Amino acid sequence: MVRIGVLAVQGDVREHVQALSSLGAQVCGVRRSRELDDVDALVIPGGESTTMDKLVRAFDLQEPLRKRIADGMPVYGSCAGMIMLADRIADARPDQETLGGLDITVRRNAFGRQVDSFEEDLHIPAIAELTTAPDGHPETFKAVFIRAPWVEELGEGVEVLATVEAGPATGRVVAIRAGNLLATSFHPEVTGDHRIHEYFTQMVRAALH
Ligand code: GLN
């Protein structure tokens, strides 16, 4: 059984724990570096990246997390988690740091501060065929965006999994993968469609073999 931690300093931890548990993973919250030692992979949830960054540093987790990421631990970051995994941030707070690992620039609150949250059905070919698709619309994935970032620049080797398909943000990149790192601008843990989590658990299993 794969052991997946959910970074539990701030954000919507519980929803990710439930989604991963329903897929048969052994899941626990990670607040200390010795808890990080016990997991094969990590989810960084949505929340507020400036707060998460401060707490990660206050809990002496920044260096251990950077080391595990550099050593190839699979990590999935959602929304603020995507920001934490980015090498560069546009519209960062002046003192804001990230863990890094993904050769991308993300823009915080990219959809505009007035657009607090919205939903959009996305086509995500990489997850379309997975088994946890809900009845009804397996060809699309209901993506929930909450003060979300988008990916503005992508380095070599970063694969685009999904882009916005309608409205003024059409073409903006909102889901990516590079090696063992996965990131989405949106929150798949709130919808009951667990295909992003299923895709991640498959990445974790593949990395362990
Ligand atoms: N806007 C938040 C940030 O900059 C992210 C929002 C979210 O995770 N839902 O961290």
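Residue numbers in the sequence shown follow my numbering, run continuously in steps of one, and reach 214 at the last position.
Here a beta-carbon is modelled for each residue, glycine too, at the ideal position from N, C-alpha and C.
Small disclaimer: the values here were computed from a predicted structure and weren't measured.
Enumerated in chain order, which unbroken segments of the beta strand (DSSP E) with a length of 3 residues or greater are wholly contained in the stretch 153 to 188? 155 to 159, 164 to 168 and 178 to 183
So what does DSSP say about residue 145, is it helix, strand or coil? coil
For residue 127, which of 161, 165 and 105 has the nearest alpha-carbon? 165
Sequence-distant residues of the same chain with beta carbon closer than 8 Å to residue 136, five excluded per side: 203
According to DSSP, is residue 82 helix, strand or coil? strand
Straight-line CA distance for residue 155 to residue 180? 8 Å
Helix, strand or coil: how does DSSP classify residue 17 here? coil
Which value, in whole angstroms, describes the spacing of the CA atoms of residue 214 and residue 78? 13 Å
Helix, strand or coil: which one does DSSP assign to residue 70? helix
Considering just the uninterrupted stretch of the beta strand (DSSP E) at residue 110, what are its terminal residues? 107 to 112
Quick test of your reading: residue 32 and residue 14, contact by CB under 8 Å. State the CB separation rounded to the nearest angstrom. Between residue 14 and residue 32 the Cβ distance is about 16 Å, and since that is not below 8 Å, they are no contact.
Classify residue 42: buried if its beta carbon has 16 or more other beta carbons within 10 angstroms, exposed otherwise. exposed
Just to confirm before moving on: does the CB-CB distance between residue 130 and residue 198 stay below 8 Å? no
Does the Cβ of residue 87 have 16 or more other Cβ atoms within 10 Å, making it buried, or fewer, making it exposed? buried
Strictly by DSSP, which residues pair up with residue 191? Answer by DSSP bridge pairing: none, since residue 191 is not bridged.
What separation, rounded to the nearest whole angstrom, lies between the Cα atoms of residue 192 and residue 104? 20 Å
Considering only DSSP beta bridges, list what residue 31 is partnered with. 8
Using a 10 Å radius around the Cβ and a threshold of 16 neighbouring Cβ atoms, would you call residue 91 buried or exposed? buried
Measuring alpha carbon to alpha carbon, tell me which of 39, 58 and 83 ends up nearest residue 148. 83
Any heavy atom of the ligand GLN within a distance shorter than 7 Å of the CB on residue 109? no
Best match in 99, 109, 95 and 100 for proximity to residue 116 [C-alpha to C-alpha]: 95
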